[in-house]
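**Q** Protein chains in written order, with my numbering: chain A, 1 to 150; chain B, 151 to 942.
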Amino acid sequence: MAMTMKGEVTLPASKQTVWEKLNDPAVLKECIPGCQALEKTSDTSFSATAKIKVGPVSATFKGNVELTDLDPPNGYKISGQGEGGVAGFAKGGARVALTDAPGGGTILGYDVEANVGGKLAQLGGRLIDGVAKKNADSFFAKFAEVVARG
Amino acid sequence: MSATSSATGIGASVRRKEDLRFITGRGQYTDDVNRPGQGYAFFVRSPHAHANIRKIDSTAAAKMPGVLAILTGDDIAADKVGGLICGWMIHSKDGSPMKAGAHPALAQGKVRYVGDHVAVVIAESLAEARDAAEKVEVDYDVLPAVVDMNAATKKGAPVIHDVADNNTVYNWHLGDKAATDAAFAKAKHVTKLDIVNNRLVPNPMETRAAVGDYEPGTESFTLYTTSQNPHVARLVISAFIGVAPENKLRVIAPDVGGGFGSKIFIYAEEVVCVWAAKKVGRPVKWTADRTEAFLCDAHGRDHLTRAELAIDESGRITGLRVHTLANLGAYLSTFSSSVPTYLYAPLLSGQYDIPAIYAEVDGIYTNTAPVDAYRGAGRPEATYVVERLVEVAARETGVDPAKFRQKNFITKFPHQTPVIMAYDAGNYDASLQKALEMADYKNIGKRKAESERHGKLRGIGISAYIEACGIAPSAAVGSLGAGVGLWESAEVRVNPIGTVEILTGSHSHGQGHETTFAQLVSDRLGIPLDAVSIVHGDTDKVQMGMGTYGSRSGAVGMSAIVKALEKIEAKAKKVAGFCMEASDKDIEFKDGKFTVRGTDKSMDFGAVALQAYIAHKFNGQELEPGLKESAFWDPTNFTFPAGVHICEVEIDPETGITHIERWSAVDDFGNVINPMIVEGQVHGGIAQGIGQAMCENAVYDAKGQLVTASFMDYCMPRADDLPSYQVGMTQTPCPSNPLGIKGCGEAGAIAAPPALINAITDALGTENVPMPATPQAVWRLAQKSITRKAAQ
Chain A
1 MAMTMKGEVT
11 LPASKQTVWE
21 KLNDPAVLKE
31 CIPGCQALEK
41 TSDTSFSATA
51 KIKVGPVSAT
61 FKGNVELTDL
71 DPPNGYKISG
81 QGEGGVAGFA
91 KGGARVALTD
101 APGGGTILGY
111 DVEANVGGKL
121 AQLGGRLIDG
131 VAKKNADSFF
141 AKFAEVVARG
Chain B
151 MSATSSATGI
161 GASVRRKEDL
171 RFITGRGQYT
181 DDVNRPGQGY
191 AFFVRSPHAH
201 ANIRKIDSTA
211 AAKMPGVLAI
221 LTGDDIAADK
231 VGGLICGWMI
241 HSKDGSPMKA
251 GAHPALAQGK
261 VRYVGDHVAV
271 VIAESLAEAR
281 DAAEKVEVDY
291 DVLPAVVDMN
301 AATKKGAPVI
311 HDVADNNTVY
321 NWHLGDKAAT
331 DAAFAKAKHV
341 TKLDIVNNRL
351 VPNPMETRAA
361 VGDYEPGTES
371 FTLYTTSQNP
381 HVARLVISAF
391 IGVAPENKLR
401 VIAPDVGGGF
411 GSKIFIYAEE
421 VVCVWAAKKV
431 GRPVKWTADR
441 TEAFLCDAHG
451 RDHLTRAELA
461 IDESGRITGL
471 RVHTLANLGA
481 YLSTFSSSVP
491 TYLYAPLLSG
501 QYDIPAIYAE
511 VDGIYTNTAP
521 VDAYRGAGRP
531 EATYVVERLV
541 EVAARETGVD
551 PAKFRQKNFI
561 TKFPHQTPVI
571 MAYDAGNYDA
581 SLQKALEMAD
591 YKNIGKRKAE
601 SERHGKLRGI
611 GISAYIEACG
621 IAPSAAVGSL
631 GAGVGLWESA
641 EVRVNPIGTV
651 EILTGSHSHG
661 QGHETTFAQL
671 VSDRLGIPLD
681 AVSIVHGDTD
691 KVQMGMGTYG
701 SRSGAVGMSA
711 IVKALEKIEA
721 KAKKVAGFCM
731 EASDKDIEFK
741 DGKFTVRGTD
751 KSMDFGAVAL
761 QAYIAHKFNG
771 QELEPGLKES
781 AFWDPTNFTF
791 PAGVHICEVE
801 IDPETGITHI
811 ERWSAVDDFG
821 NVINPMIVEG
831 QVHGGIAQGI
841 GQAMCENAVY
851 DAKGQLVTAS
861 FMDYCMPRAD
871 DLPSYQVGMT
881 QTPCPSNPLG
891 IKGCGEAGAI
901 AAPPALINAI
911 TDALGTENVP
921 MPATPQAVWR
931 LAQKSITRKA
941 AQ
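1) Measure from the C-beta of Lys285 of chain B to each C-beta in chain A and report whether the shortest distance is under 9 Å.
2) Using a C-beta to C-beta distance shorter than 7 Å, which residues of chain B count as neighbours of Val57 of chain A?
3) Kindly list, in the order they appear in chain A, the residues whose Cβ is closer than 7 Å to that of Gln855 of chain B.
4) Closer than 9 Å between beta carbons: that is the criterion. Which residues of the stretch 180-206 of chain B meet it against chain A?
5) For Thr786 of chain B, tell me which candidate among B:Val424, B:Asn593, B:Leu636 and B:Thr808 has the shortest Cα-Cα distance.
6) If you measure from the CB of Val54 of chain A, is any heavy atom of the ligand NAD nearer than 8 Å?
7) Would you list the one or two residues that DSSP bridges to Pro247 of chain B?
8) Could you compute how far the alpha carbon of Tyr492 of chain B sits from the alpha carbon of Glu510 of chain B?
9) Assuming Pro186 of chain B and Glu278 of chain B form a contact by the criterion Cβ under 8 Å, report the distance between their Cβ atoms to the nearest whole angstrom.
10) Measure from the alpha carbon of Val164 of chain B to the alpha carbon of each residue in B:Phe371, B:Phe667, B:Met921 and B:Ala359, then state which is nearest.
11) List, in chain order, every chain B residue whose beta-carbon is nearer than 9 Å to that of Ser86 of chain A.
12) Hey, does Tyr290 of chain B have any beta-carbon neighbour from chain A nearer than 9 Å?
13) Need the endpoints of the alpha helix (DSSP H) that Arg930 of chain B sits in, please.
14) In three-state DSSP terms, what is Thr654 of chain B?
15) Is Phe89 of chain A close to chain B, meaning its C-beta is less than 9 Å from at least one C-beta of that chain?
16) Using the C-alpha atoms, what's the distance from Gly223 of chain B back to Cys884 of chain B?
17) Residues of the stretch 858-883 of chain B with a CB closer than 9 Å to any CB of chain A: list them in chain order, please.
18) Say whether chain A places a C-beta atom closer than 9 Å to the C-beta of Leu276 of chain B.
19) Helix, strand or coil: which one does DSSP assign to Phe139 of chain A?
20) Contact between the stretch 842-850 of chain B and the stretch 812-825 of chain B: three or more CB pairs below 8 Å?
21) What is the DSSP secondary structure of Leu98 of chain A, counted as helix, strand or coil?
22) Tell me whether Val346 of chain B is buried or exposed, calling it buried when 16 or more other Cβ atoms sit within 10 Å of its Cβ.
23) Quick one: is His604 of chain B buried, meaning 16 or more other Cβ sit within 10 Å of its Cβ, or exposed?
24) Closer than 9 Å, CB to CB, is Met151 of chain B near chain A or not?
25) Report the three-state DSSP secondary structure of Lys735 of chain B (helix, strand or coil).
26) Taking the C-alpha atoms as reference points, what is the distance between Ser155 of chain B and Ile414 of chain B?
27) On the DSSP bridge assignment, give the partners of Trp322 of chain B in chain order.
28) Measuring alpha carbon to alpha carbon, tell me which of B:Asp863, B:Cys797 and B:Thr916 ends up nearest Gly898 of chain B.
29) Identify every run of the alpha helix (DSSP H) within the stretch 812-873 of chain B, keeping only runs that are complete inside it and at least 4 residues long; order them along the chain.
30) In or out: Arg384 of chain B buried (at least 16 other Cβ within 10 Å) or exposed?
31) Can you give me the Cβ contacts of Asp754 of chain B inside the same chain, cut-off strictly under 7 Å, excluding the 5 residues immediately before and after it?
32) Under three-state DSSP, which class holds Met151 of chain B?
33) Comparing the C-beta of Phe788 of chain B with each C-beta of chain A, is any distance below 9 Å?
34) Mind checking who Thr437 of chain B pairs with in its DSSP beta bridge?
35) At a Cβ threshold of 9 Å, is Glu145 of chain A touching chain B?
36) Please report how far the alpha carbon of Ser152 of chain B lies from the alpha carbon of Thr567 of chain B, in whole angstroms.
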């Protein structure tokens, strides 16, 4: 089942700084909720392990993250897919666009589309939107904190 | 067969003998079976609706604690275990056989629906099996999936089975196209409807389960399974899947907690359990959890139909034409091919004299769970088409729907329809008149006006259903493509002190056979009900049988018992003759007593039974000792239960809540063995029909994920959704079996959906009401209806 989500967040740093942080595996690992491992496998791809809980279903997802449509320092598309074994699978992507904020800092816009299947869809169906929103909020709160830290 | 005055015989509302053990938790279900040293199976299932399997890596999983084995499709193939079969051959209208794709018990290179069986982990405990299953790594190459039938048949749609072009299993037809087209060309009025028969998940209270056991000393297998027909399971697992020869395979279906059709079929899990028992060297047990039941039990219904009815200037129906798309899911389940063809189109004549009928049915593969028989199986779909068409035609032509029906009823029997069936007996107007009376039909106008004064919308809907039960003459179903004969067997074993065991090939999974079958025997032999035990569900005890579905246990199973009892009576008369020094022709048997005609010499049944076994009074060469007889009964025709249900609803347009105010059901089941049990069957059937019409809907999203896979998202009817039913009966005995009975198990589920939707459409003033008519759907339509009325 598919889920979409759109939003933006203003960050207290220059576009260049935000762009660099967005490409730093250590930062991404710190910010992605439940992320246990994130290793670079090429300039634009990572292998990842993340623990995700949706309602009654909790599973460790192993998968790949790819960066495409790179347009430094204006944005990229980040997409990933993971298999959670008996819990099912999750895959999706986010288009990320950076623009200068009028009062200084950077606006990060995101447009997410995600799909889940298997037990996640069967049991977590009506909870997915809430969980995705919560995870996105948690990611950007953490990311803002990291960016502010410099 | 006349009703008896006996408190326990035919016609008596005897309390069910089996209920005490069921309601006190003493039933013995498959999950209650535990074999020493058993391992627990957990299935790795596909989370994708359609994917190629590149690789299955179970290295890490195999090292997990407690793991006994991890088996995949490769192991199935290596052991030459055959695939699951579909046992009814359907031919397309061009004469070509149906296109059935392979259906392996464990996937071989490809998965085709969410829940498809990829691998099985067997471990010392269920928790260990489940934990290890988490570690089985399956590398999927995900393919585009298709769940919509119209999309599945388009060019360029994902191909589910290579053998089936356009994902089409068959383009089947029945009836006279030319005559039907001619009727439509001449029609004064044509009613057209697009009808969706929503997809249902069976949801019996007990989920499926299996325990496979292997005895190396005798090289024999035992399978305990939740089956409605253990002998058919043994036949298929032995003859087609090839796990073991029949004489080395015992199948036991102990107490079974509901089936509704979903336990007729032979599924992958039980095949894997029995096969793996030998491979692993341990008994193997599996019990489905509720999510697995949602995903993998064969679903029901799921038709898209274009239906048309032709009417002449006098208001007579002259033709009926339908084109139905039937979703068969990703694989052909055991009897799936027959449900939307021979169990559907032959019922399209309903209770009406329709000179010309033509039906086309396309069976279609989609990336969804297999679809097969579910309570009524094809007949609810046919009745929904006919009764919606007739209701709408009456409304469109300005005729009272009851009068429209009455005018078109079949009144002479036997009646040959243009679609195979020869109705043997019935009195449709008698049921209609009784139902109209019970429903206080003539005053509905007053009640509607009263509701309107309170801001409510009231409607009334009629459903005059017919079904074909007691399947069926073996030669007839054979000529239509069935792979089996549909007779039934019975054995009567009289014990030396006169108690009796009845071995039947029917199988009870809630129907009450232990009571009704005993009533028949008690009635015929004049012995107490408690002296009769019913044995069923074990292939080592009962030699052969065809099981329970299609309301056949009474009409076919009990008829076999009657035949065996006749043989018992004849033999017992001979024994009594020897004992009382009279010719068996002079012996009368009545109320459990053998009497020499015209004398006061008599012996009771138990005394004759003892003499049959001690054999002191006759020469064993002249008459065989013992008192045991068996019989097979092959029916001469289907049976045709029919009736009229009338539903009255009141809708609150503010909330969209539909309240069922009144339900008047009049059924003609022929002769009745136990009125209380029959009424219970009617209640349960109506509840399921109301569930389909107002609550239940199995929904797959566009990618093939089942989004209604729990009771959170799949709405089952609850007590407060259901009315207090008024149930009545008319009786025209069935001429095609010795008891005159027709069958009652499915009637409610067949009759209810059109009655309810006809009532809701009447209340809302629009015909476009989908099933399920949820409060949200009804609320939207109610708002439109109010706007429309205001504009007028």
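Backbone N, C-alpha and C fix where the C-beta goes; we use that ideal spot for every residue, glycine too.
Quick caveat: nothing in here was measured; it's all calculated off a predicted structure.
**A** In short, the structure shows the following:
1) yes
2) By Cβ distance, chain B contributes nothing, its closest Cβ being about 10 Å from Val57 of chain A, past 7 Å.
3) Met1, Gly117 and Ala121
4) Phe192, Val194, Arg195, Ser196, Pro197, His198 and Ala199
5) B:Leu636
6) As presented, the structure is devoid of all ligands, the ligand NAD included, so that no description of it is given.
7) B:His241
8) 12 Å
9) Rounded, the Cβ-Cβ distance is 18 Å, inconsistent with contact.
10) B:Phe667
11) Reading the sequence as shown, one finds Val at residue 86 of chain A and not Ser. Near Val86 of chain A (Cβ distances below 9 Å), the residues of chain B are Phe192, Val194, Arg195, Pro197, Arg280, Ala283, Glu284 and Val286.
12) yes
13) Pro925 to Ala941
14) strand
15) yes
16) 49 Å
17) Thr858, Ala859, Ser860, Met862 and Asp863
18) no
19) helix
20) no
21) strand
22) exposed
23) exposed
24) Note that Met151 of chain B scores a pLDDT of 39, beneath 50, so its modelled location is shaky and nothing firm can be said.
25) helix
26) Only weak support exists for where Ser155 of chain B lies, its pLDDT of 49 falling under 50; the coordinates are left without a value.
27) B:Val511
28) B:Cys797
29) 825-844
30) buried
31) Gly742 and Lys743
32) In this prediction, Met151 of chain B has a pLDDT of 39, which is less than 50 and means its spatial position is unreliable; nothing more can be read from the coordinates.
33) no
34) B:Ala359
35) no
36) With a pLDDT of 41 at Ser152 of chain B, under the threshold of 50, the modelled position of that residue is not reliable, and the figure given next carries that caveat. Approximately 30 Å between the Cα atoms of the pair.
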